[in-house]
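For the sequence shown, my numbering assigns the number 518 to the initial residue and increments by one for each residue that follows.
Beta carbons are placed, not taken as given, at the ideal position from N, Cα and C, and that holds for glycine.
Have a look at the structure below before the remarks.
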Amino acid sequence: MRRFPDGFVWGAATAAYQIEGAVAEDGRAPSIWDGFGPIRNGDTGDVACDHYHRYAEDVGHLADLGVGSYRFSVSWPRVLPDGKPERRGIDFYSRLVDLLLERGIAPAVTLYHWDLPRALQERGGWLNRDTAYRFAEYSAVVADALGDRVDTWITLNEPWCAAFLGYGSGEHAPGVRDAAFAAAHHLNLAHGLTAPLLPGSKGITLNPHVVWGPDEAAVRRADGIANGVFEGPLLGRGYPASVIADTAHLTDWSFVRDGDEALIAAPLDFLGVNYYSVTVVEPGGKGKPSWPGCEDLRFSSAPGERTDMGWSIVPHGLTELLLRLSRENPALPLVVTENGAAYPDPVNDDRRIAYLRSHLAAVLDALDAGADVRGYYVWSLLDNFEWAFGYDKRFGIIHVDYETQRRTWKNSAHWYRDVVAANALSTS
Ligand code: FCB
Numbered sequence: 518m519r520r521f522p523d524g525f526v527w528g529a530a531t532a533a534y535q536i537e538g539a540v541a542e543d544g545r546a547p548s549i550w551d552g553f554g555p556i557r558n559g560d561t562g563d564v565a566c567d568h569y570h571r572y573a574e575d576v577g578h579l580a581d582l583g584v585g586s587y588r589f590s591v592s593w594p595r596v597l598p599d600g601k602p603e604r605r606g607i608d609f610y611s612r613l614v615d616l617l618l619e620r621g622i623a624p625a626v627t628l629y630h631w632d633l634p635r636a637l638q639e640r641g642g643w644l645n646r647d648t649a650y651r652f653a654e655y656s657a658v659v660a661d662a663l664g665d666r667v668d669t670w671i672t673l674n675e676p677w678c679a680a681f682l683g684y685g686s687g688e689h690a691p692g693v694r695d696a697a698f699a700a701a702h703h704l705n706l707a708h709g710l711t712a713p714l715l716p717g718s719k720g721i722t723l724n725p726h727v728v729w730g731p732d733e734a735a736v737r738r739a740d741g742i743a744n745g746v747f748e749g750p751l752l753g754r755g756y757p758a759s760v761i762a763d764t765a766h767l768t769d770w771s772f773v774r775d776g777d778e779a780l781i782a783a784p785l786d787f788l789g790v791n792y793y794s795v796t797v798v799e800p801g802g803k804g805k806p807s808w809p810g811c812e813d814l815r816f817s818s819a820p821g822e823r824t825d826m827g828w829s830i831v832p833h834g835l836t837e838l839l840l841r842l843s844r845e846n847p848a849l850p851l852v853v854t855e856n857g858a859a860y861p862d863p864v865n866d867d868r869r870i871a872y873l874r875s876h877l878a879a880v881l882d883a884l885d886a887g888a889d890v891r892g893y894y895v896w897s898l899l900d901n902f903e904w905a906f907g908y909d910k911r912f913g914i915i916h917v918d919y920e921t922q923r924r925t926w927k928n929s930a931h932w933y934r935d936v937v938a939a940n941a942l943s944t945s
């Protein structure tokens with residue numbers, strides 16, 4: 518057995534739009550994901566896992582798993598549909614929090630997991646600086662309603678995806694192209710304005726890219742554009758000069774105003790890290806729409822086995838990432854806020870168990886080498902709406918039959934329960 522430290526937080530994660538459904542209930546306004554396409558098979562989040570109505574059953578599953586924490590997100594268009602607080606939406610999260618606490622599960626609340634109110638998109642969304650101020654207002658409403666009971670707060674989930682897929686390649690809602698850097702800055706600003714308003718322990722969740730490749734200059738450039746744009750200002754180092762230079766043909770960064778970087782560097786209690794795979798770059802390609810500034814690079818996956826997303830399975834990339842982050846930010850605790858794998862296997866998901874086992878071993882390797890990792894949240898509690906892939910990709914440790922909404926534990930859920938109970942990974 519390899520043991521995790523005492524007090525290590527075990528959790529499971531979800532996000533509002535991916536599980537809740539009930540898009541037209543209790544005053545919720547449309548989000549940018551309602552009606553967004555193309556989505557595989559024409560799927561929508563209209564019903565998803567119907568968690569809005571089945572949350573009590575889902576909390577029961579969390580309790581049976583024995584996890585100490587549940588990471589979920591609050592839907593902005595449910596809580597502040599037209600700029601004014603909607604009591605019914607707020608009450609839903611309040612009931613969820615109460616039930617979690619009754620079952621001994623600590624809520625970890627993400628304030629933005631990509632479901633921007635459509636009305637704000639009509640005013641420019643994350644290209645409009647004002648959205649950052651609206652986000653702070655919305656967050657204050659949630660903090661006011663839940664702050665007496667919620668101790669762990671995450672401002673944004675993966676602002677890289679929100680900016681570079683939502684406003685760069687357009688693969689994600691709202692489907693805007695070629696404007697990733699302005700969106701990224703306004704997301705950073707939203708974080709900086711909001712973090713000081715939150716009670717308890719506060720962090721942000723990034724999906725830092727582990728960039729590999731044979732050419733040092735290519736790796737440095739891709740790493741700066743994907744990671745430096747966020748880690749620089751958020752962790753007090755400002756936007757890297759190399760990134761400004763590498764993107765000079767795309768933007769003059771004039772949307773960054775005096776004082777913004779200081780605001781964005783608001784103190785953090787932890788950094789949330791989502792990890793799935795690595796990115797390999799080399800010179801001599803045609804780039805990718807989600808990688809502005811890397812137009813001359815070729816992107817590929819690491820060799821070897823892949824999950825159903827086509828993402829290569831590279832557990833030691835997670836060790837490398839945790840060690841890099843702790844080396845660069847020695848006083849900042851890290852939490853793995855998402856890690857998991859998509860496989861179609863309904864119940865006998867031994868490939869998912871192998872993925873989770875190898876990545877938990879990678880976390881242990883990072884701990885052994887001195888990284889301050891405080892917790893791990895599996896993605897995901899349930900099969901759910903996987904964004905542009907719709908219901909085609911299943912990340913859950915619990916299977917969802919979308920016809921009947923029946924939840925069935927996969928082998929990985931049983932396995933995870935045992936790991937959580939032992940606070941250890943068996944080496945056999
Ligand atoms: C992450 C997202 C999460 C889920 C996983 C597979 O990028 O944060 O919502 O889609 O990927």
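Nearest neighbour of residue i, chosen from the options [CA to CA]
i      : options                           : result
GLU654 : GLY802, LEU710 and ASP567         : LEU710
SER818 : VAL564, HIS931, GLU799 and ALA879 : GLU799
LEU637 : ALA939, ILE549, ASN674 and GLU574 : ILE549
PRO713 : THR672, GLY606, LEU899 and TYR872 : THR672
ASP581 : TRP932, LEU942, SER943 and ALA941 : TRP932
SER496 : VAL526, ALA660 and VAL864         : The question about residue 496 has no answer here: the residues shown for the chain are numbered 518 through 945.
ARG557 : ALA765, PHE906, TYR894 and THR531 : PHE906
TYR919 : ILE781, TYR908, LEU842 and ASP882 : TYR908
ASP787 : THR669, GLY554, LYS601 and VAL584 : Reading off the sequence shown, one finds Phe at residue 787, where the question assumed Asp. Comparing Cα-Cα distances from PHE787 to each of THR669, GLY554, LYS601 and VAL584, the minimum goes to THR669.
ALA707 : GLU778, GLY664 and GLY685         : GLU778
THR921 : GLY544, PHE553, ASP567 and ASP543 : ASP567
PRO522 : ASP885, THR925, ARG923 and SER929 : ASP885
SER656 : PRO716, TRP926, VAL853 and PRO863 : PRO716
Contact test: residue i Cβ vs the ligand FCB heavy atom, cutoff 7 Å
i      : result
PHE912 : yes
ALA533 : no
HIS568 : no
HIS630 : yes
CYS811 : no
TRP896 : yes
ASN724 : yes
GLU748 : no
TRP828 : no
TRP808 : no
TRP643 : no
GLU675 : yes
ASN791 : yes
TRP904 : yes
GLU778 : no
GLU799 : no
TYR855 : The residue asked about is misnamed: residue 855 is Glu in this sequence, not Tyr. At least one heavy atom of the ligand FCB is nearer than 7 Å to the Cβ of GLU855, so yes.
For residue j and residue i, the rounded distance between their alpha carbons
i      : j      : result
GLY804 : TRP677 : 17 Å
GLY687 : LEU723 : 19 Å
GLY857 : THR648 : 31 Å
ASP560 : VAL790 : 28 Å
VAL576 : ILE914 : 14 Å
VAL880 : VAL890 : 8 Å
GLU748 : ARG754 : 8 Å
ILE536 : ALA565 : 5 Å
GLY583 : ARG595 : 29 Å
THR854 : LEU877 : 13 Å
ASP543 : VAL658 : 17 Å
LEU838 : MET826 : 21 Å
TRP808 : LEU682 : 9 Å
TRP904 : ALA625 : 22 Å
Neighbourhood of residue i by C-beta distance below 6 Å, restricted to the same chain and skipping five residues each side
i      : result
SER875 : PRO832
ILE622 : LEU579 and TYR587
ALA532 : SER590 and HIS630
ALA783 : GLY709, ALA712 and PRO713
ARG868 : TYR860
Reduced DSSP category for residue i - H, G, I as helix; E, B as strand; rest coil
i      : result
GLY577 : helix
ALA590 : Sequence check: residue 590 is Ser here, not Ala. Looking at SER590 - three-state DSSP - the assignment turns out to be strand.
THR672 : strand
ARG829 : Checking the displayed sequence, the identity of residue 829 turns out to be Ser instead of Arg. Strand at SER829.
ASP551 : coil
TYR684 : helix
ALA705 : Here the sequence assigns Asn to residue 705, which means Ala is not the residue at that position. DSSP places ASN705 in helix when its eight states are reduced to three.
ARG620 : coil
LEU785 : coil
PRO731 : coil
ASP806 : It is Pro, not Asp, that sits at residue 806 in the sequence shown. DSSP places PRO806 in coil when its eight states are reduced to three.
Other residues of its chain near residue i: CB distance less than 8 Å, five sequence neighbours each side excluded
i      : result
SER759 : ARG737, ARG738, GLY741 and GLY745
ASP882 : HIS833 and THR836
TYR572 : PHE609, ARG612, LEU613 and LEU616
PRO820 : SER829
Cβ shell of residue i (< 7 Å), same chain only, five flanking positions each side left out
i      : result
ASP563 : GLY538 and VAL540
THR944 : MET518 and ARG519
ILE781 : ASN705, LEU706, HIS708, GLY709, PRO750 and LEU751
Test: residue i CB closer than 8 Å to a CB of chain B
i      : result
GLY585 : In the structure shown, chain B does not exist; there is a single protein chain.
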